[in-house]
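Engineer: Under full-length UniProt numbering, the first residue of the sequence shown carries the number 1, and numbering increases by one thereafter.
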Amino acid sequence: MGRPPCCDKAGVKKGPWTPEEDILLVSYIQEHGPGNWKSVPTHTGLLRCSKSCRLRWTNYLRPGIKRGDFTDHEEKMIIHLQALLGNR
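1) To which residues of the same chain is residue 76 closer than 8 Å at the C-beta, ignoring the five residues directly before and after it?
2) For residue 24, which of 59, 70, 41 and 87 has the nearest alpha-carbon?
3) Determine the DSSP secondary structure at residue 46, reduced to helix, strand or coil.
4) Give the single residue among 82, 22, 87 and 78 whose Cα lies nearest to the Cα of residue 45.
5) Would the stretch 49-58 and the stretch 30-41 be scored as touching if the rule is three or more Cβ pairs under 8 Å?
6) In three-state DSSP terms, what is residue 58?
7) Are residue 61 and residue 29 close, meaning C-beta to C-beta below 9 Å?
Take a look at the structure:
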């Protein structure tokens with residue numbers, strides 16, 4: 001029917017990430033850089049699947065992620081571009 005989920009393997013932790021897991025992931029990425037996500041769980045000792053590590057880094061831990069509300073300039077730009085380009 002489809003591919004089985006990657007996190008259905010025995011011994012793979014699911015659920016919320018702990019601060020300790022975040023520290024392990026950030027320190028590994030700072031030392032080795034992002035890229036080879038399959039090796040992250042084995043080299044860090046994290047009991048997470050590689051996809052979970054990649055998504056945690058990309059969506060929550062990566063430096064440069066802007067959090068919070070849009071600035072007035074950003075909001076005006078979005079409205080202008082939507083009026084110009086419409087829905088796609």
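Backbone N, C-alpha and C define an ideal beta-carbon position, used for all residues, glycine too.
Structural biologist: Put simply:
1) none
2) 41
3) coil
4) 22
5) yes
6) helix
7) yes
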